[in-house]
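Heads up, the thing below is written out as structure tokens.
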Amino acid sequence: MDRLKVATVWFGGCSGCHMSFLDLDEFLIDLVGLVDIVYSPIIDCKEYPENVDLCLIEGAICNEDNLELLHKIRARTKTLISFGDCAVTGNVPAMRNQFGPDNVANVLQCAYIDHAQENPRKPSAPGIVPSLLARVMPVHEVVTVEHYLPGCPPSAANIKALLVHLVSGTTPQPTGPHLKFG
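Okay, structure coming up:
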């Protein structure tokens with residue numbers, strides 16, 4: 085039997101979901117015996133590969149780079165999991181949406197001019213700061229998502245429960261403490 089190809093991605097968020105993933109402790113050893121981690125911020129891989137079986141996506145979609153990679157991930161992955169509240173709802177990164185259609189200008193002004201301690205100016209060289217989207221979005225507003233794993237961050241127990249189902253090829257059963265698998 086071929087090993088599942090698993091990826092994790094970190095978009096607009098704090099990396100707390102990946103920290104919770106690492107809290108799987110000894111189960112990580114079992115997991116590595118069953119799957120190949122082919123892309124993640126915790127491994128050194130620069131290009132998102134083809135034919136990925138499942139991807140846990142942490143963070144909201146905040147900028148053009150996030151958007152481009154998300155479309156590539158969807159095209160190359162069988163099963164997507166919105167991993168944590170930022171991916172599921174937009175959560176804290178989406179707070180800038182409340183500042184209306186000019187929120188990008190306001191955010192850049194606040195970050196690079198108003199609160200700069202030295203050299204107040206917006207980055208202008210290409211590739212320094214990805215272009216912000218007019219609105220921060222949860223993953224499912226951009227692409228189809230098969231499963232949702234809410235929490236800020238989701239507990240290691242909930243991550244494990246979902247992964248056990250997906251790795252074994254069974255459908256997650258939303259019961260008991262693991263009710264919110266989507």
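With the numbering used here as the guide, the letters of the sequence shown map in order to residues 85 to 266. From the three backbone atoms N, C-alpha and C, an ideal C-beta is built for every residue, glycine too.
From Pro204 to Met221, what distance separates their C-alpha atoms?
Going from the Cα of Pro204 to the Cα of Met221 covers about 29 Å.
Residues near Asn150 by beta carbon distance below 7 Å, same chain, minus five either side
Exclusion of the five residues before and after Asn150 leaves Phe95, Gly96 as the residues of its chain whose Cβ lies within less than 7 Å of its Cβ.
Please report the distance separating the alpha-carbon of Leu106 from that of Leu112.
When rounded, the distance between both Cα atoms is 8 Å.
Could you name the residues of the same chain whose beta carbon sits closer than 6 Å to that of Cys170, not counting the 5 residues immediately before and after it, in chain order?
The residues are Gly97, Gly143, Ala144, Pro177.
Proximity to Leu29 [Cα-Cα], best of Ile157, Leu118, Val119, Val191
Residue numbering for the chain in the displayed model covers 85 to 266; residue 29 lies beyond these limits and cannot be assessed.
If I follow the unbroken alpha helix (DSSP H) through His199, where does it start and stop?
Where His199 is concerned, there is no enclosing alpha helix (DSSP H), given that its DSSP letter is neither H nor E.
Three-state secondary structure (DSSP) at Phe105?
When secondary structure is reduced to three states using DSSP, Phe105 falls in the helix class.
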